[in-house]
Amino acid sequence: MGLFSRLFGNSKVETKKVNVEPVEYKGFAIYQEAIEESGQYRIAGRIEKEVDGEIKSHRFIRSDVLSSRADADEFMLKKAQMFIDQMNGKIFD
336 MGLFSRLFGN
346 SKVETKKVNV
356 EPVEYKGFAI
366 YQEAIEESGQ
376 YRIAGRIEKE
386 VDGEIKSHRF
396 IRSDVLSSRA
406 DADEFMLKKA
416 QMFIDQMNGK
426 IFD
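Reminder that position 82 of the sequence shown reads as 417 in the working numbering, one-by-one numbering, no gaps.
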């Protein structure tokens, strides 16, 4: 069975849970959570904010993959900041 999953791809994406310290930006907490895939890193993360006593979260995964976790995390941070700016901070409205 291992041969077939290597030939045709395994639909499961194994993710290692890593404790990530958020980056604060305009009242939002940005978590850089790149996903390791076949020796590369998919740009992924989440944006969180407390709204009316409840933590709201927006998770996103981009199709882009980069060769290092640091590059993927940096790109994710820039994209999250751009998203917050474009939405004028109204992500959860």
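Just so you know, even glycine gets a beta-carbon here, dropped at the ideal spot from N, CA and C.
Practice prompt. Could you spell out where the beta strand (DSSP E) holding Glu359 opens and where it closes?
Written response: Val358 to Tyr360
Discussion item. Measuring straight from C-alpha to C-alpha, what distance separates Ser398 and Met411?
Written reply: 12 Å
Discussion item. Here's the rule I'm using: 16 or more other beta-carbon atoms within 10 Å means buried, otherwise exposed. How should Gln367 be labelled?
Written reply: buried
Practice prompt. Would you check if the distance between the CB atom of Ile365 and the CB atom of Ala407 is smaller than 7 Å?
Written response: no
Worksheet item: Hey, would you say Lys361 sits closer than 7 Å to Ile419, going by beta carbons?
Response: yes
Item to complete: Using 10 angstroms around the beta-carbon of Ile378, count the other beta-carbons present and answer buried if the total reaches 16, otherwise exposed.
Response: buried
Worksheet entry | Rounded straight-line distance, which links the Cα of Glu383 to that of Asn423 | 15 Å
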